[in-house]
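Numbering (the numbering used here), first residue to last: 37 to 375.
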Amino acid sequence: MNTNASPKRVAALSALFVALIPGVLSLFVVRELWLAPILFFLTWGLGYIIVNYLLERFIYRKIKVIYKNIHSANTNYLNQNDGGDPITMVSDDVSAWAQERNDEIAQLKEQEGFRREFLGNVSHELKTPIFQIQGYIHTLLEGALSDPKVNYNFLEKASQSADRLVELVDDLTSINRLESGKMKMDYSTFQVRELVEEVYEELDLMYEPKEITCSFKQSADVNLKVSADRKKIKQVLVNLVVNAVKYGKNGGTISCGIYDMDKNILVEVSDNGEGIPPDSLPRLFERFYRVEQSRTRNLGGSGLGLAIAKHIIEAHGHTIKVRSDLGVGSTFGFTLSKG
Numbered sequence: 037m038n039t040n041a042s043p044k045r046v047a048a049l050s051a052l053f054v055a056l057i058p059g060v061l062s063l064f065v066v067r068e069l070w071l072a073p074i075l076f077f078l079t080w081g082l083g084y085i086i087v088n089y090l091l092e093r094f095i096y097r098k099i100k101v102i103y104k105n106i107h108s109a110n111t112n113y114l115n116q117n118d119g120g121d122p123i124t125m126v127s128d129d130v131s132a133w134a135q136e137r138n139d140e141i142a143q144l145k146e147q148e149g150f151r152r153e154f155l156g157n158v159s160h161e162l163k164t165p166i167f168q169i170q171g172y173i174h175t176l177l178e179g180a181l182s183d184p185k186v187n188y189n190f191l192e193k194a195s196q197s198a199d200r201l202v203e204l205v206d207d208l209t210s211i212n213r214l215e216s217g218k219m220k221m222d223y224s225t226f227q228v229r230e231l232v233e234e235v236y237e238e239l240d241l242m243y244e245p246k247e248i249t250c251s252f253k254q255s256a257d258v259n260l261k262v263s264a265d266r267k268k269i270k271q272v273l274v275n276l277v278v279n280a281v282k283y284g285k286n287g288g289t290i291s292c293g294i295y296d297m298d299k300n301i302l303v304e305v306s307d308n309g310e311g312i313p314p315d316s317l318p319r320l321f322e323r324f325y326r327v328e329q330s331r332t333r334n335l336g337g338s339g340l341g342l343a344i345a346k347h348i349i350e351a352h353g354h355t356i357k358v359r360s361d362l363g364v365g366s367t368f369g370f371t372l373s374k375g
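Quick look at the structure:
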């Protein structure tokens, strides 16, 4: 039987099989040739009416209800296509619906894993400076406050831990505002190279001890301008240069390329450090993700710099990417609208 048969075709075929019985009996048992076609057509007609009624009344109407509940977007589809095959349509839509549910469940499980990991990272990042502050204060209260050899040193370390805690909370607040769309962008037109030079100058005390050289590639045109939030883009560049300094090698280089891409400007910050493992690249912009937990945590920072940079660039309607080769270095690039 055709699997794509409509209710009427199913009824007709079913009645045909039923009508063959009295037709065959009239030929071989009663042996009346004139009676065979009469019985056949009467039985076929009556069987068609009964089977079609039963299908419509008890099967297809119930299937339509199930179909409408599962695929609410096509509520009127069956009513407009009664000549089609509801069972096939229901089968296809149930399969699609089941696949959508499986995809949603897999996505929810993945998000739940990220949520647990994020909460664990937040608690760890908050716990470290809090415990440090608590330890220094308790030590001072227990008698070290009167010891001039340690009191100032402990207070200074407690202050540094407090600053790290404030930095972490500020970064979390920034990400929350960026994700919720509550952070407004103050657009202006400015020269990209001029902003990069400003960042280089402000961070010179950080990269000079490692004898890192900061420069521009030949493509970095002085006159190229972008339309963006200058303060936010400066924050992105600071994060990228700071990372390049932290993970760059002593005596290394940091270079900035600025490229004219028709309607957009591409900005790239490159270093010749150790590079990033390929399996870490897809997660590099996640909050608190660190390539090597034990080593990078000692370098300071909230672990949110790249996540903030990603959100800032996306808030401008653009994207930020990274490419890296182990032992060669890394390049972070983002686009902005031309000014």
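Note that beta-carbon positions come from the ideal geometry of N, C-alpha and C, so glycine has one too.
Test item: CB-CB of residue i and residue j under 7 Å
| i | j | result |
| --- | --- | --- |
| Asn286 | Lys246 | yes |
| Leu204 | Glu146 | no |
| Asp307 | Ser366 | yes |
| Thr371 | Asn259 | no |
| Ile344 | Ser159 | no |
| Gly311 | Ser360 | yes |
| Lys268 | Ile348 | yes |
| Tyr223 | Val281 | no |
Backbone CA spacing between residue i and residue j [nearest angstrom]
| i | j | result |
| --- | --- | --- |
| Gly363 | Glu215 | 34 Å |
| Gln329 | Ser131 | Interpretation of Gln329 is limited by its pLDDT of 48, a score under 50 that renders its predicted location unreliable; no figure is taken from the coordinates. |
| Thr249 | Gln143 | 44 Å |
| Ile173 | Ser197 | 12 Å |
| Met221 | Ala264 | 8 Å |
| Cys292 | Gly369 | 10 Å |
| His352 | Gly171 | 43 Å |
| Ser195 | Phe167 | 13 Å |
| Asn275 | Val232 | 12 Å |
| Lys357 | Ile290 | 17 Å |
| Tyr84 | Ala48 | 5 Å |
| Tyr89 | Ala134 | 31 Å |
| Ala109 | Val87 | Confidence is the limiting factor: at Ala109 the pLDDT is only 47, short of 50, which leaves the residue's position unreliable, though a coordinate-based value still follows. Between Ala109 and Val87, the C-alpha separation is close to 31 Å. |
| Glu350 | Val228 | 18 Å |
| Leu201 | Pro165 | 6 Å |
| Asn334 | Gly309 | Low per-residue confidence applies at Asn334: pLDDT is 49, beneath 50, and the placement is therefore not dependable, though the value from the model is reported in the following sentence. So the two alpha carbons sit approximately 17 Å from each other. |
| Thr355 | Gly341 | 15 Å |
| Leu181 | Leu191 | 9 Å |
| Leu78 | Ser50 | 14 Å |
| Leu317 | Thr225 | 32 Å |
| Asp296 | Lys253 | 13 Å |
| Glu237 | Asp183 | 40 Å |
One or two residues paired with residue i in a DSSP bridge
| i | result |
| --- | --- |
| Ala264 | Ser224 |
| Val358 | Phe368 |
| Thr175 | DSSP, once it has assigned bridges, lists no residue as partnering Thr175. |
| Met297 | Asn300 |
| Thr289 | Thr249 |
| Lys374 | Val262 |
Terminal residues of the alpha helix (DSSP H) in which residue i lies
| i | result |
| --- | --- |
| Ser216 | Asn187 to Ser216 |
| Tyr243 | Asp240 to Tyr243 |
| Glu350 | Gly341 to Ala351 |
Rounded distance between the beta-carbons of residue j and residue i, thought under 8 Å
| i | j | result |
| --- | --- | --- |
| Leu176 | Asn189 | With 8 Å as the limit, Leu176 and Asn189 do not qualify as a contact, their Cβ atoms being about 10 Å apart. |
| Phe321 | Gly339 | Actually they do not touch by this definition, with Cβ atoms about 12 Å apart. |
| Val235 | Lys261 | Contact flag wrong, Cβ pair sits at about 17 Å. |
| Val277 | Leu239 | 6 Å |
| Val305 | Ile294 | In fact, because the Cβ distance is near 10 Å, the residues do not count as touching under 8 Å. |
Residue i: first and last residue of the uninterrupted beta strand (DSSP E) it sits in
| i | result |
| --- | --- |
| Glu304 | Asn300 to Asp307 |
Chain C contact for residue i (CB, 7 Å cutoff)
| i | result |
| --- | --- |
| Arg266 | In summary, chain C is missing from the structure at hand, where a single protein chain is found. |
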